[in-house]
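*Asks:* Residue numbers (the UniProt record's numbering): 1 to 510.
Beta carbons: idealized from backbone N, C-alpha and C, even for Gly.
Dropping the structure here:
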C-alpha cells in the first residue's frame, strides 16, 4: 500500500461499518483509504469515483471484482472483509497490508537479493495456484500489484481479472493489462489462459532481481513489439535465478510451467522470517508505527474545516526538534511517486538521414562523372556506363534534396487518436472519426493510411504527400522512406503495434 496521508477534506468519515482514518492512494477508478473496523481491525477500503457510480457497466465490473477477490481466498492475496457494490459509491474493504509495493521497494532501495526473489517467486506462484483454482486469470500481475509483507508477498487488484469462461464484460478486440508484463498472446489478441499469468510472473521476477523489466522501457508500441518479436534481456539476472525465470518467458504458453510446477522448481521454502532486505523491513516497521499512532477516530471538522491533527500524525517533513533521550525516533515515510511516463507513441521523419543519403548519392555522381569524362582515359564502354550511373545518382540526389528541404513530419499515435504535425501546423484524427487504419505500401513505400467515417472531412495536406487519396482512403504518414530497409521494417512493426494497441477497434492488420 502507499504511504499514509491525512484524509482529504471532502472524504467521508465512514464507509459501511468502517471508520476512515487516512488516505492511502488515488487512481483512475477511485481512492483507497486506511480504516478501522468496529472491532479495531485495520483495513484498506477501495471507494469508486462518484462519476463512475452512475454507470451500470462499471457497477457490474466492480461486483465481478468483489466476487473474484472473494473466490480466491488463498495464501498471498489480500482477503476481502466487506463490500457493497450497490452503495451510492461502490466500495470494497480488504485486509490492510502495511508494506510497500514491489515497484516502490525496488525503486527506492534497488533490486532484491537472490534469496528474497526466490521467496517472492514462491509466494506469487502459490497465489496463482489459488487464483487459477478459483477459475480466474489475473491478467495484470505487475510490480505495483504485489505488496511486500514480513511474512511474504500479497497479490492485489483483481480489477481486470477474468473468469476462465467469458463473463461478457470485456469488449472484443481490446487489450487489458500493462505493457512490459503482458504475455505475447495478450498482445496479439489470442486466447488468454492461466499460463499468461506465468509469463507475467517471470517478468515480475526479472524486475525484482534487476530493477527493470525483461523487455526494457520506452513507448508502448516498442514494448509490445519486443514482447512478441524479441527475446527477453536476462543479462543482469543472477545466474541462480535464470533456470527459474527462463521457462516462464517462453513464447508458447503450452511450454511454460504451471504455478504448481514452479513451486517444485523453487524447492523447500526458507525458514528465515527476515526474507526482505533490511531497508524494506525498516519501511514495514515504520508503517506499523504509523498505524499505531493514528487516532482511533478521524480528525473532527469545525465550521467546515478540519481541526488541527494530533502532533504525532504522519506529516510530510520530520519535526525539527527531536525529543531528548536515547529513544529512537522513526521519521515519516515520504509517499512514493512513480516516474512520469509519456502517453502515446511518436515517430518522426528525419532530415539528417535524408541529408546523409543525398550526400552519398552526390558523391557517387561526382565520381561517375569523373570516370565518364574524356580525360579519364577509361574505355568507351566504361565511360558510357559511368555516364548512366551519373544520371541515376544525380537524379536520386536531387530527389533526396527535395525531401530534405521539406518540413519534417511527426505522427503521434495515442489513446485519443492520431496527430500529424509538421512543426508549425497539426492535424488531429480522433479514433471516432476513423473507420479503418493500416500500414499500406504505395510504390513500395509504406504509409499509414486511414479511412474516415462518412461524416468526417479530409484534412488539408501538411506536405510530403500527406492526406493524399489512396485506395479509397488517405495517406497520412510516410514510414521511414528516407531510412534503410531494416530500420524501415522495424518502424513499420512498431507503428503497427501502436495502432493495434491504441486503436484496436479500427486497426486493420492486413
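Expressed to the nearest angstrom, what Euclidean distance is found between the alpha-carbon atoms of residue 17 and residue 80?
*Replies:* As a working note, residue 17 is residue 17 in the chain shown. As a working note, residue 80 is residue 80 in the chain shown. One C-alpha to the other measures close to 14 Å.
*Asks:* I'd like to check one pair, residue 362 with residue 389: are the Cβ atoms closer than 7 Å?
*Replies:* For the purposes of this step, residue 389 is taken as residue 389 along the chain shown, with counting starting at 1. For the purposes of this step, residue 362 is taken as residue 362 along the chain shown, with counting starting at 1. For residue 389 and residue 362, no; Cβs fall outside 7 Å.
*Asks:* For a quick check, are the C-beta atoms of residue 122 and residue 266 less than 7 Å apart?
*Replies:* Here residue 122 corresponds to residue number 122 of the chain shown, with the count starting at 1. Here residue 266 corresponds to residue number 266 of the chain shown, with the count starting at 1. Yes, these two residues count as a Cβ contact at 7 Å.
*Asks:* When you compare only the Cα positions, how much space is there between residue 156 and residue 287?
*Replies:* What you label residue 156 is simply residue 156 of the chain shown in a count that begins at 1. What you label residue 287 is simply residue 287 of the chain shown in a count that begins at 1. The alpha-carbon atoms of residue 156 and residue 287 are separated by roughly 18 Å.
*Asks:* Starting from the C-beta of residue 487, find all residues in its chain whose C-beta is less than 7 Å away, skip the five residues before and the five after it, and write them out in chain order.
*Replies:* By one-based count along the chain shown, residue 487 stands at place 487. 480.
*Asks:* Let me make sure I understand the geometry here. Which of 501, 506, 505 and 510 has the alpha-carbon closest to that of residue 188?
*Replies:* Taking the chain shown and counting its residues from 1, the one referred to as residue 188 is at position 188. Looking at the Cα atoms, 501 is the closest of the given residues.
*Asks:* Hey, could you find the ends of the alpha helix (DSSP H) residue 346 is sitting in?
*Replies:* To locate residue 346, count along the chain shown from 1; it is residue 346. Careful: residue 346 lies outside any alpha helix (DSSP H), inside the beta strand (DSSP E) at 345-348.
*Asks:* Please determine, among 196, 125, 181 and 214, the residue with the shortest C-alpha to C-alpha distance to residue 154.
*Replies:* If you number the chain shown from 1, residue 154 lands on position 154. That would be 125, whose Cα lies nearest to the Cα of residue 154.
*Asks:* For my contact list, residue 372 and residue 383 are in at a C-beta cut-off of 8 Å; report their separation, rounded to the angstrom.
*Replies:* The residue given as residue 372 occupies position 372 in the chain shown. The residue given as residue 383 occupies position 383 in the chain shown. At roughly 5 Å, the Cβ-Cβ gap stays under 8 Å, so residue 372 and residue 383 are in contact.
*Asks:* Can you tell me which residues form a DSSP beta bridge with residue 421?
*Replies:* Residue mapping note: residue 421 aligns to position 421 of the chain shown, counting from 1. According to DSSP, residue 421 bridges with 410 and 426.
*Asks:* What residue range is occupied by the uninterrupted beta strand (DSSP E) comprising residue 33?
*Replies:* On the chain shown, residue 33 is found 33 positions in, with the first residue counted as 1. It spans 30-36 - the beta strand (DSSP E) in which residue 33 sits, taken as one unbroken run.
*Asks:* Which ranges would you report for the alpha helix (DSSP H) in the region 98-122 if only whole runs of at least 4 residues count?
*Replies:* List check, alpha helix (DSSP H) in window: 102-109.
*Asks:* Rounded C-beta distance between residue 223 and residue 179? I'm assuming under 8 Å.
*Replies:* Residue numbering aside, residue 223 sits at position 223 when the chain shown is read from its first letter. Residue numbering aside, residue 179 sits at position 179 when the chain shown is read from its first letter. Indeed, because the Cβ distance is near 4 Å, the residues count as touching under 8 Å.
*Asks:* Shortest alpha-carbon distance to residue 435 belongs to which of 426, 425 and 417?
*Replies:* Indexing the chain shown from 1 puts residue 435 at position 435. If we check each option's Cα against that of residue 435, 417 comes out closest.
*Asks:* Between 103, 59 and 477, which has its C-alpha nearest residue 437's C-alpha?
*Replies:* As a first step, residue 437 is located in the chain shown; it is residue number 437 there, counting from the start. It is 477.
*Asks:* Are the CB atoms of residue 134 and residue 227 within a distance shorter than 7 Å?
*Replies:* Reading the chain shown from its first residue, position 227 is the one you call residue 227. Reading the chain shown from its first residue, position 134 is the one you call residue 134. No.
*Asks:* Residue 447 by DSSP, collapsed to three states: which one?
*Replies:* Taking the first residue of the chain shown as 1, we reach residue 447 at position 447. Here residue 447 sits in strand by DSSP.
*Asks:* Ends of the beta strand (DSSP E) at residue 502?
*Replies:* Here residue 502 refers to the residue found at position 502 of the chain shown. That residue, residue 502, is in no beta strand (DSSP E); its alpha helix (DSSP H) goes 485-502.
*Asks:* Check each candidate in 192, 98, 45 and 33 and name the one with the smallest Cα separation from residue 66.
*Replies:* Position 66 of the chain shown, counting from 1, holds the residue named residue 66. Among 192, 98, 45 and 33, the Cα nearest to that of residue 66 is on 45.
*Asks:* Classify residue 360 as helix, strand or coil using the three-state DSSP reduction.
*Replies:* Against the chain shown, residue 360 aligns to sequence position 360. Helix, per DSSP.
*Asks:* Which of helix, strand or coil does DSSP assign to residue 396?
*Replies:* Counted from its first residue, the chain shown places residue 396 at position 396. In this structure, residue 396 counts as helix in the three-state DSSP scheme.
*Asks:* Once the 5 residues before and after residue 128 are set aside, which same chain residues still bring their CB inside 6 Å of it?
*Replies:* Within the chain shown, the letter at position 128 stands for residue 128. Within the same chain, residue 128 has close Cβ partners 197 and 259.
*Asks:* Look at residue 494 and residue 96 and say whether their C-beta atoms are less than 7 Å apart.
*Replies:* As a working note, residue 494 is residue 494 in the chain shown. As a working note, residue 96 is residue 96 in the chain shown. Not closer than 7 Å, so no.
*Asks:* Leaving out five residues on either side along the sequence, give the residues of the same chain with a beta carbon under 6 Å from the beta carbon of residue 399.
*Replies:* On the chain shown, residue 399 is found 399 positions in, with the first residue counted as 1. If we look at residue 399 and ignore the five residues flanking it on each side, it has no Cβ neighbours.
*Asks:* Do three or more CB pairs link the region 209-224 to the region 276-284 at distances below 8 Å?
*Replies:* Output reads no: the region 276-284 does not touch the region 209-224.
*Asks:* If you drop the 5 nearest sequence neighbours on each side, which residues of the same chain put their C-beta closer than 7 Å to that of residue 38?
*Replies:* Mapped onto the chain shown, residue 38 falls at position 38. Result list for residue 38: 17, in chain order.
*Asks:* Residue 60: beta carbon under 6 Å from a heavy atom of the ligand NAP?
*Replies:* The ligand content of the structure shown is nil, which means the ligand NAP is not present either.
*Asks:* If you reduce the DSSP assignment to three classes, tell me which class residue 94 lands in.
*Replies:* For the purposes of this step, residue 94 is taken as residue 94 along the chain shown, with counting starting at 1. Of the three classes helix, strand and coil, the one that applies to residue 94 here is strand, per DSSP.
*Asks:* Just how far apart, CA to CA, sit residue 136 and residue 472?
*Replies:* Position 136 of the chain shown, counting from 1, holds the residue named residue 136. Position 472 of the chain shown, counting from 1, holds the residue named residue 472. Going by the C-alpha atoms only, they are around 44 Å apart.
*Asks:* Considering Cα atoms alone, identify which of 103, 15, 12 and 346 is closest to residue 498.
*Replies:* In the chain shown, counting from the first residue as 1, residue 498 sits at position 498. Per the Cα distances, 346.
*Asks:* So residue 8 and residue 20 are supposed to be a Cβ contact under 8 Å. How far apart are they, rounded?
*Replies:* Here residue 8 refers to the residue found at position 8 of the chain shown. Here residue 20 refers to the residue found at position 20 of the chain shown. Wrong, their Cβ atoms sit about 10 Å apart, outside the cutoff.
*Asks:* Along the chain, where does the alpha helix (DSSP H) that runs through residue 66 open and close?
*Replies:* Position 66 of the chain shown, counting from 1, holds the residue named residue 66. Residues 56-72.
*Asks:* Write down the C-beta distance between residue 22 and residue 33 rounded to the nearest angstrom, noting that I regard them as a contact closer than 8 Å.
*Replies:* Counted from its first residue, the chain shown places residue 22 at position 22. Counted from its first residue, the chain shown places residue 33 at position 33. Between residue 33 and residue 22 the Cβ distance is about 7 Å, and since that is below 8 Å, they are a contact.
*Asks:* Report yes if the CB atom of residue 451 is closer than 7 Å to the CB atom of residue 475, and no otherwise.
*Replies:* Here the question's residue 451 lines up with position 451 in the chain shown. Here the question's residue 475 lines up with position 475 in the chain shown. Their beta carbons are not under 7 Å apart, which means residue 451 does not touch residue 475 by this criterion.
*Asks:* Could you compute how far the alpha carbon of residue 470 sits from the alpha carbon of residue 509?
*Replies:* Position 470 of the chain shown holds residue 470. Position 509 of the chain shown holds residue 509. About 17 Å.
*Asks:* On a Cα-Cα basis, can you pick out the residue from 240, 78 and 29 that is closest to residue 55?
*Replies:* The residue given as residue 55 occupies position 55 in the chain shown. Of the candidates 240, 78 and 29, the one whose C-alpha sits nearest the C-alpha of residue 55 is 29.
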